[in-house]
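Each step along the sequence shown adds one to the number in my numbering, with nothing skipped, and position 22 is 22.
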Amino acid sequence: MANNKSVILKIKRQLTPDAKPSWEEFEIPYKPNMNITSALMEVAANPVTRDGKQTTPVTYDSNCLEEICGSCAMIINGRARMACSTLIDHIDQPIKLEPFSKFPVVRDLAVDRSVLFENLKKVKAWVPVDGTTTSAPARVSPRTCRKSPIPCRIASPAAAAWKPARNSPKTRALSARPLSLRCACSTTIPPAKR
């Protein structure tokens with residue numbers, strides 16, 4: 001791929017959700033370490049097909065450009081991939097770009113993912129920003145602090161658990177001991193008897 005001076009993109013286009021899809025080919029100059037998103041930006045800067053026909057810029061989704069959000073996901077050469085992390089050097093040409101087939105197409109490579117977000121709302125698949133949760137109360141140990149006049153309950157031992165850095169006899173012996181916990185008033189609570 002490094003010897004080629006251009007990159008050929010074959011993109012499935014669909015102007016409206018009800019329109020019939022068609023294929024358009026674009027040829028852009030090759031740049032080292034180029035990803036699919038930067039290739040689509042090149043096409044947007046000069047939307048001329050390989051045949052020399054002027055066309056509209058390709059519509060696609062992208063957000064973080066750091067392989068985190070997944071909004072740039074599409075079918076690239078027959079596989080579901082993220083455009084921001086798919087390097088042109090690592091895939092075969094011509095590069096075929098298609099929208100996801102399981103979601104309704106909005107336009108070109110952009111799809112309507114609202115059904116995905118509705119399902120996430122149904123199962124409440126998020127952690128509140130303020131740290132509170134509505135699913136279940138936090139587990140609290142039945143042990144309380146003896147020094148505080150107000151019963152100061154402590155978090156469960158699982159929350160205070162730690163893993164040894166190395167698997168040596170000394171760290172195995174330390175991790176086998178019951179944990180001493182510290183409550184909110186900074187009093188050390190002896191380990192519970194088993």
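Backbone N, C-alpha and C define an ideal beta-carbon position, used for all residues, glycine too.
Proximity below 7 Å, CB of residue i to CB of residue j
i	j	result
ASN77	LYS96	yes
GLU24	THR59	no
ALA39	PRO57	no
LYS31	PRO94	no
VAL105	PRO17	yes
ASN35	CYS84	yes
PHE100	VAL115	no
GLU98	LYS20	no
MET82	GLU67	yes
N- and C-terminal bounds of the beta strand (DSSP E) containing residue i
i	result
MET41	Run containing MET41: none in the beta strand (DSSP E); it sits in the alpha helix (DSSP H), 36–45.
GLU98	95–98
ALA80	79–82
VAL106	105–107
Close Cβ partners of residue i (< 8 Å) along its chain, the five nearest in sequence each way excluded
i	result
ILE150	At ILE150, the pLDDT of 49 sits below 50, so the modelled position is not reliable and the matter cannot be decided from this model.
ILE88	MET1, VAL7, TYR30, MET34, ASN35, ILE36, ALA39 and ILE95
ALA80	ALA73, MET74 and PHE100
LYS5	PRO29 and TYR30
CYS64	SER71 and CYS84
ARG107	GLN14, LEU15, THR16, PRO17 and THR59
Beta bridge counterpart(s) of residue i as assigned by DSSP
i	result
TRP23	LYS12
SER6	PRO29
ILE75	ALA80 and GLU98
VAL111	VAL105
LEU87	ASN35
VAL48	GLN54
Bounding residues of the alpha helix (DSSP H) (the contiguous stretch that carries residue i)
i	result
VAL115	114–123
Residues of its chain near residue i, where Cβ-Cβ distance is below 6 Å and the 5 sequence neighbours each way are ignored
i	result
ARG172	At ARG172 the pLDDT is 49, less than 50, meaning the model places this residue with poor confidence; the figure from the coordinates comes in the next sentence. Excluding residues within five positions, none has a Cβ falling inside 6 Å.
THR55	PRO47 and THR49
Check: residue i C-beta below 6 Å from any heavy atom of the ligand PLP
i	result
VAL106	Ligands displayed in this structure: none; no statement on the ligand PLP is therefore possible.
Close Cβ partners of residue i (< 7 Å) along its chain, the five nearest in sequence each way excluded
i	result
ASP61	SER71, CYS72 and ALA110
SER215	The requested residue 215 is not part of the displayed model; the chain covers only 1 to 194.
PHE26	LEU9, ILE11, VAL43, THR49 and ARG50
ARG113	PHE103
Residue i at chain B interface by Cβ criterion, 7 Å
i	result
PRO29	No chain B appears in the structure shown, which is made up of a single protein chain.
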